[in-house]
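Just so you know, the protein sequences line up as chains A and B, in that order.
The numbering used here numbers the first residue of the first sequence as 4 and each following residue consecutively.
The numbering used here numbers the first residue of the second sequence as 4 and each following residue consecutively.
All residues carry an ideal CB built from backbone N, CA and C; glycine is no exception.
Since we're looking at a predicted model, the values are computed, not measured.
Number of protein chains: 2
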Amino acid sequence: MCGVSTQTVSRVINGRPDVSPETRRSVEAVIAATGFQPSAVARSLVHRRSQTLGVVLAGLRYFGVAQTLNGITDEAQASDYGVLLKEIDTDDTVNIVPVIEFLIAHRVEGIIFAVPQIGTNIATVRAQLPTTSPPIVFLKSEASSTFSTIAIDNAGGARQATAHLLTSGRRRIGHLAGPPRWKEADDRQDGWRAALDDAGVEPGPVAQGNWSSASGSAALDRLLELDPELDGLFVANDQMALGLLHAAHERGIGIPSDIAIVGFDGLDEGAHFTPSLTTVVQPLRELGELGVREVIARASEEQGKAMVRSLTLATELVVRESAPQPAVTEPAVTGKRIAATASAETVDIR
Amino acid sequence: MCGVSTQTVSRVINGRPDVSPETRRSVEAVIAATGFQPSAVARSLVHRRSQTLGVVLAGLRYFGVAQTLNGITDEAQASDYGVLLKEIDTDDTVNIVPVIEFLIAHRVEGIIFAVPQIGTNIATVRAQLPTTSPPIVFLKSEASSTFSTIAIDNAGGARQATAHLLTSGRRRIGHLAGPPRWKEADDRQDGWRAALDDAGVEPGPVAQGNWSSASGSAALDRLLELDPELDGLFVANDQMALGLLHAAHERGIGIPSDIAIVGFDGLDEGAHFTPSLTTVVQPLRELGELGVREVIARASEEQGKAMVRSLTLATELVVRESAPQPAVTEPAVTGKRIAATASAETVDIR
DNA sequence: TTGAAAGCGCTAACAT
DNA sequence: ATGTTAGCGCTTTCAA
Numbered sequence: 004m005c006g007v008s009t010q011t012v013s014r015v016i017n018g019r020p021d022v023s024p025e026t027r028r029s030v031e032a033v034i035a036a037t038g039f040q041p042s043a044v045a046r047s048l049v050h051r052r053s054q055t056l057g058v059v060l061a062g063l064r065y066f067g068v069a070q071t072l073n074g075i076t077d078e079a080q081a082s083d084y085g086v087l088l089k090e091i092d093t094d095d096t097v098n099i100v101p102v103i104e105f106l107i108a109h110r111v112e113g114i115i116f117a118v119p120q121i122g123t124n125i126a127t128v129r130a131q132l133p134t135t136s137p138p139i140v141f142l143k144s145e146a147s148s149t150f151s152t153i154a155i156d157n158a159g160g161a162r163q164a165t166a167h168l169l170t171s172g173r174r175r176i177g178h179l180a181g182p183p184r185w186k187e188a189d190d191r192q193d194g195w196r197a198a199l200d201d202a203g204v205e206p207g208p209v210a211q212g213n214w215s216s217a218s219g220s221a222a223l224d225r226l227l228e229l230d231p232e233l234d235g236l237f238v239a240n241d242q243m244a245l246g247l248l249h250a251a252h253e254r255g256i257g258i259p260s261d262i263a264i265v266g267f268d269g270l271d272e273g274a275h276f277t278p279s280l281t282t283v284v285q286p287l288r289e290l291g292e293l294g295v296r297e298v299i300a301r302a303s304e305e306q307g308k309a310m311v312r313s314l315t316l317a318t319e320l321v322v323r324e325s326a327p328q329p330a331v332t333e334p335a336v337t338g339k340r341i342a343a344t345a346s347a348e349t350v351d352i353r
Numbered sequence: 004m005c006g007v008s009t010q011t012v013s014r015v016i017n018g019r020p021d022v023s024p025e026t027r028r029s030v031e032a033v034i035a036a037t038g039f040q041p042s043a044v045a046r047s048l049v050h051r052r053s054q055t056l057g058v059v060l061a062g063l064r065y066f067g068v069a070q071t072l073n074g075i076t077d078e079a080q081a082s083d084y085g086v087l088l089k090e091i092d093t094d095d096t097v098n099i100v101p102v103i104e105f106l107i108a109h110r111v112e113g114i115i116f117a118v119p120q121i122g123t124n125i126a127t128v129r130a131q132l133p134t135t136s137p138p139i140v141f142l143k144s145e146a147s148s149t150f151s152t153i154a155i156d157n158a159g160g161a162r163q164a165t166a167h168l169l170t171s172g173r174r175r176i177g178h179l180a181g182p183p184r185w186k187e188a189d190d191r192q193d194g195w196r197a198a199l200d201d202a203g204v205e206p207g208p209v210a211q212g213n214w215s216s217a218s219g220s221a222a223l224d225r226l227l228e229l230d231p232e233l234d235g236l237f238v239a240n241d242q243m244a245l246g247l248l249h250a251a252h253e254r255g256i257g258i259p260s261d262i263a264i265v266g267f268d269g270l271d272e273g274a275h276f277t278p279s280l281t282t283v284v285q286p287l288r289e290l291g292e293l294g295v296r297e298v299i300a301r302a303s304e305e306q307g308k309a310m311v312r313s314l315t316l317a318t319e320l321v322v323r324e325s326a327p328q329p330a331v332t333e334p335a336v337t338g339k340r341i342a343a344t345a346s347a348e349t350v351d352i353r
């Protein structure tokens, strides 16, 4: 209060028209001089709007999560929202409730749940949710009739990867899967199997890794033991594929001459593996962006008609040296991108 | 108000002792039934404490930042703080002011600034800071007499990497540097040069990349053009080293037989490059953790004695195939870790 | 064009 | 052991 009432100051800050230019100037001068910053906290209290989104994350150490977070922060920024971040352990369903409660206590206007689905962890969370909560969007998890979800078409991408191996003439096609109970891992394995079934080709050997390069490295011997004739391999992520490439090189196994390899993720680095990696690219950044848009859309509609949407994003195959384009139709094109079929559905309820 | 006053409810929620067991139970029952969640916003307002830290990040797409964020969220969680996240473009000094103002408006109790120093961007920020602001800790930037900083000993790590190349008998040692104006890139280059100076060895050729694998790939030819006799190379980060490895393989250049390569970062994947990569590991997770501790420490001391600390964290050399341990003293040990000298100083002012 | 009053949801201090 | 009063910093409503 340097001459005028708090009211007038409020009007100046919010750029209301009904302030005399003179008063406005003097108030602005004082604000600049004192370095005064209006309290968003107090504002939130009266508006009952925090302009903040809650984000629950797991496995920032895995490739992709950072990219998704990138998309989230960008889109949130663009929509004038802040991001309140909570990181949890990948499989820690126990501690999820306090995390959600923390976010609700801070009155976030929506929650983006970017935790990979392992077993039934998502169902567990959904079951434990407080009766009253802001809209929640689940990323990378199975569709639900009560919550919006945005998924990536893992099965479709896997199918496309496997089809590519078949097209290039491979017939003993194995799979290096992700860890047990991860839905993403299961979906990719399902897609691999479906593509083989479609083609009437007997499924090759399956081994399981834990997403790490080390586990990929270790898997090669196991797979070759199961089938020494192995000539194609669909690997559930790029990091494991890197390990495999390394192990193959050590054992003098030619990639792709002996075994063609397709990865999954779309690491930029894949282009510089030795040999460069054919892989399925996930639109992870887009996943984050859409998550933010969806949760804001849900938050801004009236309470009555709770709308729910389930989206599935398509992947894209990038062909490189580790599983080149078959020469029959055209010469191998490095980095050629082939979009998988997209699928998107919308479900309204109530 | 379901029988009692708001005051009593407050007491129950905060677990105060002076509530009769009977009242407590009935209040708890109502809370459970209604799914009531106390508003942290209102609490912040009255306490003038938000229990929230602001984090400004850039380049989440680069390796390492995710790891640092990991450390930050973990430590914040452990200290019962929330994290309000803002991501900016790497070199965007213009938009930093609104970001800081946003965080101050939300009354964060401290700010962790995890943006790599490019040119004088840090100085710019410091100059533009509002007169009154919560404590700010700058990560990975040069020391300051007015703000706490936590850095990584890039020069020391680079020195150690280069010394390792010298020890293994290399004499034409080049450097693939990071992009211009990045302090981290400059420090690493300085360390490389210093090690050569110490040994009285003429510096080899220098090329510049942009941290990406692609730029590493492209740099090999340039370096060989500058010096066809090149037999050792210190690369400013692991991703560029990956590209180099790939390019060398394509040209039939033996690593390490023709050229020994040492990277910088400590990507886990480096162990599975072909050949596996000798590299300098940065304690990035620790960087984030220490940042949080430091900013909380600064926030919780009285206004009067503003204390400032500047810390430098040591790196560690991991020896792998791309630049093995010289055979003269002992056989190459894969993954052998050698700690660099640490340096840490504390400065109090006022 | 400006100010006064009331209240957002909570807690500290005091009173009962 | 519980209630009352006041106020955190802002905005909305109404009055001047």
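- For B:Phe141, there is no enclosing alpha helix (DSSP H); the enclosing beta strand (DSSP E) has its first and last residue at Ile139 to Leu142.
- Put simply, of A:Met310, A:Ile299, A:Leu293 and A:Gly38 the residue whose alpha carbon is nearest the alpha carbon of A:Ala154 is A:Leu293.
- Beyond the five residues adjoining it in sequence on each side, B:Gly212 comes within less than 6 Å, by CB distance, of Leu179, Ser218, Gly219, Ala222 and Met243 in the same chain, given in chain order.
- Interface annotation, A:His167: not in contact with chain B, CB-CB separation never under 9 Å.
- In the structure shown, the three-state DSSP call for A:Ala309 is coil.
- At a cut-off of 9 Å between beta carbons, B:Phe105 contacts chain A.
- For A:His178, no chain B residue has a Cβ inside 7 Å of its Cβ, as the nearest lies near 19 Å away.
- Counting other Cβ atoms within 10 Å of its Cβ, A:Ser303 stays below 16 and is therefore classed as exposed.
- Beta bridge pairing from DSSP links B:His178 with B:Val209 and B:Phe237.
- Distance from the Cα of A:Leu87 is smallest, within the candidate group A:Leu72, A:Val97, A:Ala239 and A:Ala198, for A:Leu72.
- With respect to chain A, the C-beta atom of B:Gln211 has no partner C-beta closer than 9 Å.
- Counting only runs of 3+ residues, the beta strand (DSSP E) found wholly inside the region 10-88 of chain B occupies 55-61, in chain order.
- Less than 9 Å divides the Cβ of B:Leu280 from the Cβ of B:Val265.
- With respect to the 9 Å criterion, B:Phe150 and A:Ala43 are not classified as neighbours on the basis of their beta carbons.
- Per the coordinates, the alpha-carbon of A:Gly67 lies some 42 Å from the alpha-carbon of B:Asp201.
- Excluding sequence positions up to five before and after B:Val204, its CB lies within less than 8 Å of the CB of Leu169, Arg174 and Ile176, all in the same chain and listed in chain order.
- In this structure, the CA atom of A:Leu229 is about 52 Å from the CA atom of B:Asp94.
- In this structure, B:Leu320 and B:Ala164 form a Cβ contact; the two beta carbons are roughly 6 Å apart against a cut-off of 8 Å.
- Each residue's CA atom was taken as its position, placing A:Glu145 and B:Ser53 some 35 Å apart.
- Taking C-beta atoms as the reference points, A:Ile139 and A:Ile114 count as a pair closer than 9 Å.
- Going by C-alpha positions, B:Val30 is about 45 Å away from B:Val100.
- DSSP, read as helix, strand or coil, puts B:Val111 in coil.
- The shortest CA-to-CA distance from A:Val128 to any of A:Thr96, A:Thr152, A:Ala158 and A:Gly159 is the one to A:Thr96.
- In this chain, the alpha helix (DSSP H) harbouring A:Glu297 covers Leu287 to Ala302.
- A Cβ of chain B is located within less than 9 Å of the beta carbon of A:Ser279.
- Here DSSP, grouped into helix, strand and coil, assigns B:Ser151 to strand.
- For A:Phe276, the secondary structure class from DSSP, reduced to helix, strand or coil, is coil.
- Look at B:Asp193 here: in three-state DSSP terms it is helix.
- With a threshold of 9 Å between beta carbons, B:Gln242 makes contact with chain A.
- From the listed residues A:Val111, A:Lys89 and A:Phe267, the smallest Cα separation to B:Ala79 is found for A:Lys89.
- Annotation for A:Asp94: no beta strand (DSSP E) segment contains it, and DSSP assigns it neither H nor E.
- Judged by DSSP secondary structure, B:Glu228 falls within the alpha helix (DSSP H) whose first and last residues are Ser216 to Leu229.
- Taking every protein chain shown into account, the CB of A:Ala263 has 16 or more other CB atoms within 10 angstroms, so this residue is buried.
- Check the Cα spacing between B:Arg191 and each of B:Ser171, B:Leu60 and B:Gln285: the tightest is with B:Gln285.
- Collapsing the DSSP output to three states places A:Ala263 in a strand.
- Inter-residue distance for B:Gly62 and A:Arg312 is about 31 Å (C-alpha atoms, whole angstroms).
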